[in-house]
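Visitor:
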Amino acid sequence: MVNEMNENNLKTISGDHDDVREADVDFALSVAGTGWYNIKYTLNLSLFLMAAVVEPVGFAFVLPSAKCDLNMSDTQRGFIASIPYIGLVVTSFGWGYLVDTSGRKNVVILSSFLAGILGIVSAFMPTLLTFALTKLMLSLCIAAPAAIPFTFIGEIMPQKNRDTAVSIANGLQVSGAALVPLLAWLVLSYDFHLDFGSYYFTPWRLLTIVYALPFIISSVLMCFGPESPKYLLSKGRHDESLQVLRTIYAANYGKSPGDFPIKRLKMKNIEEQKPSFFKSLSIQSVPLLKPPYLKWIILNGILLFGVFATVNGLNVWTPDILNRVLTGDEEGKTACAIISQKQNEKAHEDTSECDNSIGTTTFVISSTASTTCAVIGLIASFAVKVIGKKFLLIFVYMTIGTFVLFINFVTQQILFAILLSSVALTGLAIGPINAFSVQIFPTHLRGMAVSLTMMIGRTGSVIGANVIGILINGTCEVTFYAYGGMLIVCGLLSFILPKAKTAKKHKKILLTKL
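When we follow the UniProt record's numbering, the leftmost residue of the sequence shown carries the number 1, and every step to the right adds one.
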């Protein structure tokens, strides 16, 4: 439902129905309201986030299915799984610069479309090397769609609905992970081998194409969307910013754009001369690397490190760990005891046949767990307006951290599967953290700030994707103690975050005659 606005108050303040009135962009957004226009583009932007999750998380099913065709060892599998996050870390800062200088819309469309094309191309690569190189090029593109939508959504929604919208987008992002096992189950259930000369086109290649399609779909849909009015205003493009606000108002209220009661937006002084690239980069980044913003960059970076190390490290290996524990008949043993036993048995086996099959049990559990996590995520997203983003952040860290620690002690396999599958919910922390970035950093630094903290956080993905494969075999218990302890520490650090801002009930806005 479109938020009500008090136009009579606007007219009373201005003193005349025909007067030209001026207001800041946040108040103008509240006047434009929240309706179908905002919602449909929030959903569109959420599709970018889902695409950025489906691609790397999909490796959990693509790589085990491709290991025979690509002659891939477990060590190589761990490295390939980390490739998306290497690209994210390397390019996040650059994309952050571009999004603050070239616009939210253009950057997210271009980067996502390129990612989709490269994802499709990778499905036709005949060797492990060419497959890895194509995926590396793809990884250089996905930092933008993985971060920009949070900033974008925060800048097209009124302040009173901003946290809810960002959290809903985060919940939909988590639901993207739920699609991964469902799509894998659907595609990998087929058995075909199409001869392409130097290689066979098998189901895992089709799955790779399916995982790339959300990038292309979201970028095409966004071509019809607006640019951020806040970004346009920050660049001195007043008329374009006002036109976007008029469009939002007209679509939400079913009125003419000319009926929008705000006739002019307050602007900061804009420099006439455009700075050079390095000067511009310095303007965008240096303020973030010193007080008062440095401490928030470090804190948000640490919190995101904990999230990504868990979601893109431990969680990516969850199907494999579930397979090891649940396919045995050992009762009364902890997960680590079963894993260690199977590792010892494997060391004494002499098998040359390659097995790339994934058991039905793994698909069932992964699909059920992912869907359940998505539902919980959406519920939490709608509830954030009531419970607050800070409380949600602390609750997620402390709860999932405790669950991970308990894995070392439970001997019931069903309980173990529930506890391990819950780590996907750690992704719910991404939305609140980025919502705090929207709150803390000014518009002209916001894109760079979000990208920089996401870059710091995604180093956790690189470390997690590689280290988990080593720890789970050699020191299994340490794995869960380390991840659980890290999440609890992040929960404690979350208390440092500032109080969440809420829209003031009676915001005084100066409306002046020109």
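No residue lacks a Cβ here, since even glycine has one placed at the ideal position from N, Cα and C.
Where does Arg21 sit, in a helix, a strand or coil, going by DSSP?
Guide: The sequence position of residue 21 within the sequence shown is 21, counting from 1. Three-state DSSP puts Arg21 in coil, outside helix and strand.
Visitor: Might you give, ordered along the chain, the residues of its own chain that have their beta carbon closer than 7 Å to the beta carbon of Ala251, omitting 5 neighbours on each side?
Guide: Position 251 of the sequence shown, counting from 1, holds the residue named residue 251. If we look at Ala251 and ignore the five residues flanking it on each side, its Cβ neighbours are Gly35, Trp36, Tyr37.
Visitor: Which of helix, strand or coil does DSSP assign to Phe48?
Guide: Against the sequence shown, residue 48 aligns to sequence position 48. If DSSP states are grouped into helix, strand and coil, Phe48 belongs with the helices.
Visitor: Here's the rule I'm using: 16 or more other beta-carbon atoms within 10 Å means buried, otherwise exposed. How should Ala503 be labelled?
Guide: In the sequence shown, residue 503 corresponds to position 503, counting from 1. The predicted model places Ala503 with a pLDDT of 45, which falls under 50 and marks its position as unreliable; any figure quoted below should be read in that light. Counting Cβ neighbours within 10 Å, Ala503 comes out exposed, since fewer than 16 surround it.
Visitor: Give a single yes or no on whether Ile302 has its beta carbon closer than 6 Å to a heavy atom of the ligand FAD.
Guide: This structure lacks the ligand FAD; in fact it carries no ligand of any kind.
Visitor: Indicate whether residue 580 and Ser370 have their beta-carbon atoms separated by less than 7 Å.
Guide: Residue 580 is absent from the structure shown; the chain starts at 1 and stops at 514.
Visitor: Can you tell which of Thr75, Asn473, Asp100, Gly485 has the C-alpha that lies nearest to the C-alpha of Arg324?
Guide: Taking the sequence shown and counting its residues from 1, one reaches residue 324 at position 324. Answer by Cα proximity: Asn473.
Visitor: Please classify Gly96: is it buried, with 16 or more other beta-carbons within 10 angstroms of its beta-carbon, or exposed?
Guide: As a working note, residue 96 is residue 96 in the sequence shown. Gly96 comes out buried.
Visitor: Taking the C-alpha atoms as reference points, what is the distance between Thr443 and Glu477?
Guide: Residue mapping note: residue 443 aligns to position 443 of the sequence shown, counting from 1. Residue mapping note: residue 477 aligns to position 477 of the sequence shown, counting from 1. Roughly 44 Å between the two C-alpha positions.
Visitor: Thinking C-beta only, is Pro64 closer than 7 Å to Ser139?
Guide: Within the sequence shown, the letter at position 139 stands for residue 139. Within the sequence shown, the letter at position 64 stands for residue 64. Result no, Cβ atoms of Ser139 and Pro64 do not sit closer than 7 Å.
Visitor: Select from Leu265, Lys266, Arg246, Met267 the residue whose C-alpha is nearest the C-alpha of Asp259.
Guide: Start at 1 with the first residue of the sequence shown, and residue 259 comes out as number 259. With distances taken between Cα atoms, Asp259 lies closest to Arg246.
Visitor: DSSP state of Phe201, grouped into three classes?
Guide: For the purposes of this step, residue 201 is taken as residue 201 along the sequence shown, with counting starting at 1. If DSSP states are grouped into helix, strand and coil, Phe201 belongs with the strands.
Visitor: Where Phe308 and Arg21 are concerned, what is the direct C-alpha to C-alpha distance, given to the nearest angstrom?
Guide: In the sequence shown, the residue the question calls residue 308 occupies position 308. In the sequence shown, the residue the question calls residue 21 occupies position 21. Phe308 and Arg21: Cα-Cα distance of roughly 46 Å.
Visitor: How about Pro181 and Phe363: are their beta carbons less than 7 Å apart?
Guide: On the sequence shown, position 181 is the one that residue 181 refers to. On the sequence shown, position 363 is the one that residue 363 refers to. The answer is yes: Cβ separation under 7 Å.
Visitor: Can you tell me which of the three DSSP states Glu271 falls into?
Guide: Residue 271 sits at position 271 when you count from the first residue of the sequence shown. Summary for Glu271: the model assigns pLDDT 47, below 50, so the residue's position carries little reliability, and this model does not support an answer.
Visitor: Since Leu45 and Pro149 should fall inside the 8 Å C-beta cutoff, what is the C-beta to C-beta distance between them, to a whole number of angstroms?
Guide: Here residue 45 corresponds to residue number 45 of the sequence shown, with the count starting at 1. Here residue 149 corresponds to residue number 149 of the sequence shown, with the count starting at 1. Contact holds; Cβ gap of about 4 Å.
Visitor: Using the three-state DSSP reduction, which class does Leu194 fall into: helix, strand or coil?
Guide: Locating residue 194 in the sequence shown gives position 194, counting from the first residue. Strand at Leu194.
Visitor: Ordered along the chain, which non-local residues of its own chain (more than five positions away) have a Cβ less than 7 Å from that of Glu272?
Guide: Residue 272 sits at position 272 when you count from the first residue of the sequence shown. With a pLDDT of 48 at Glu272, under the threshold of 50, the modelled position of this residue cannot be trusted; read the value that follows with caution. Cβ within range, chain order: n/a, list empty.
Visitor: What three-state label does DSSP hand Arg237 in the structure shown?
Guide: Counting from one through the sequence shown, the residue named residue 237 turns up at place 237. In this structure, Arg237 counts as coil in the three-state DSSP scheme.
Visitor: With C-beta atoms as the reference, is Lys266 less than 7 Å away from Asp26?
Guide: Reading the sequence shown from its first residue, position 266 is the one you call residue 266. Reading the sequence shown from its first residue, position 26 is the one you call residue 26. No, they are not a contact pair.
Visitor: Residues in its own chain within less than 6 Å of Gly116 by CB, not counting five upstream and five downstream?
Guide: For the purposes of this step, residue 116 is identified with residue 116 of the sequence shown, where counting begins at 1. Answer for Gly116: Ala212, Phe215, Ile216, listed in chain order.
Visitor: Going by DSSP, what residues sit across from Leu497 in a beta bridge?
Guide: On the sequence shown, position 497 is the one that residue 497 refers to. Leu497 is not bridged to any residue.
Visitor: Quick check: the Cα distance between Ile358 and Ala143, rounded to an integer number of angstroms?
Guide: By one-based count along the sequence shown, residue 358 stands at place 358. By one-based count along the sequence shown, residue 143 stands at place 143. About 30 Å.
Visitor: Which ranges would you report for the alpha helix (DSSP H) in the region 370-443 if only whole runs of at least 4 residues count?
Guide: As far as the region 370-443 is concerned, its whole alpha helix (DSSP H) runs of at least 4 residues are 389-406, 413-421, 430-440.
Visitor: Going by C-alpha to C-alpha distance, which of Ile248, Thr310, Phe441 sits closest to residue 535?
Guide: Given that the chain is displayed from residue 1 to residue 514, the structure contains no residue 535 and the question cannot be resolved.
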